[in-house]
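Peer 1: Below is a structure I'd like to ask you about.
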Amino acid sequence: MMINYQKHTLHYGDYRIGRVIWITDLKGETNVKLHLLDQKGNLLYRITGSSNESASDIVYEHISQEQIADIQRILSQTDPFFNWYDDLVGTLGYFGRELAKIKAIRRLSKTEENIMVEYELFSSKEERDTIHNLECFEIGEIDQAQTERRMLFKLIAHEEMDVINVKYYEAGEVSVYRLVCNERTVSRENEND
């Protein structure tokens, strides 16, 4: 099978997480408290809420309308199949939690000296469940080019899905990109298999 695809580099702007606290309660539910900062270190907003839900308590500090629009634009590029303009609290909550998760996995890839690959498969054409996973590899076991090929095989294996977002973590650094399947074709040699 041949696959025609496009690769798009993704980014989260110059925003960063200041303080982050992950809390697991007695019921096993994880909550997060975090501060989102701009590139100068100014506190934009604080989040308290569940790590898995879009519902969050947000305390606005020094965030401008331009920064809100920038965050919405960044998320629209990262996940163009979702409307990031309807629910401001949900959008800012998701953005903060996503940056907190990236920070935690970056740190883990550095301290554990492992390569970590986080991916999410989904369909851009219809509402479906996504496939999300985090895989861990020894240093030298895989590189970015091999990871891209592995992700393409995952797209081939799941014909109902045409997009995969990938975060590749190595030595505390992260590379984020999206692979979009444009076309799948079966080669003539494999048609009778």
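To convert, note that position 193 of the sequence shown is 193 in the working numbering; the numbers rise steadily by one, no gaps.
For glycine and all other residues, C-beta sits at the position ideal for the given N, C-alpha and C.
Mapping the DSSP letters down to three states, classify Asp87 as helix, strand or coil.
Peer 2: coil
Peer 1: Go ahead and pull the three-state DSSP assignment for Met151.
Peer 2: helix
Peer 1: So the alpha helix (DSSP H) Glu66 belongs to, where does it begin and stop?
Peer 2: 65–78
Peer 1: Looking at the secondary structure, which residues open and close the beta strand (DSSP E) in which Met2 lies?
Peer 2: Counting along the chain, the beta strand (DSSP E) containing Met2 begins and ends at 2–9.
Peer 1: Measure from the alpha carbon of Phe82 to the alpha carbon of each residue in Glu127, His35, Phe153, then state which is nearest.
Peer 2: Glu127
Peer 1: Once the 5 residues before and after Val59 are set aside, which same chain residues still bring their CB inside 7 Å of it?
Peer 2: Tyr45, Arg46
Peer 1: By the 10 Å Cβ neighbour count, where 16 or more other Cβ atoms means buried, how is Leu26 classified, buried or exposed?
Peer 2: So Leu26 counts as exposed.
Peer 1: Should the stretch 105–117 be regarded as contacting the stretch 14–25, the criterion being three or more beta carbon pairs within less than 8 Å?
Peer 2: no
Peer 1: Could you check which residue in Gly28, Ile23, Lys40, Ala171 has the C-alpha nearest to that of His62?
Peer 2: Lys40
Peer 1: Based on the DSSP secondary-structure assignment, which residues constitute the bridge partners of Leu108?
Peer 2: In DSSP, Leu108 forms no bridge with anything.
Peer 1: From the DSSP output, read off the bridge partner residues of Ile225.
Peer 2: The shown model of the chain, from 1 to 193, leaves out residue 225, and the question about it has no answer.
Peer 1: Looking only at its chain, what residues have a beta carbon closer than 7 Å to the beta carbon of Tyr177, apart from the 5 residues adjacent to it on each side?
Peer 2: Lys7, His8, Thr9, Leu10, Val166
Peer 1: Between the alpha carbons of Asn190 and Ile3, how many angstroms are there, rounded?
Peer 2: Caution is warranted here: a pLDDT of 42 is assigned to Asn190, below 50, making its placement in the model unreliable, and no coordinate value can be reported.
Peer 1: Just confirm the distance between the C-beta atoms of Leu155 and Ile142, as a whole number of angstroms; I'd bet it's less than 8 Å.
Peer 2: Not confirmed; about 17 Å, so no contact.
Peer 1: DSSP three-state label for Glu189, please.
Peer 2: Summary for Glu189: the model assigns pLDDT 49, below 50, so the residue's position carries little reliability; its value from the coordinates is reported in the next sentence. Helix at Glu189.
Peer 1: I need the straight-line Cα distance from Glu183 to Lys33, nearest angstrom please.
Peer 2: 42 Å
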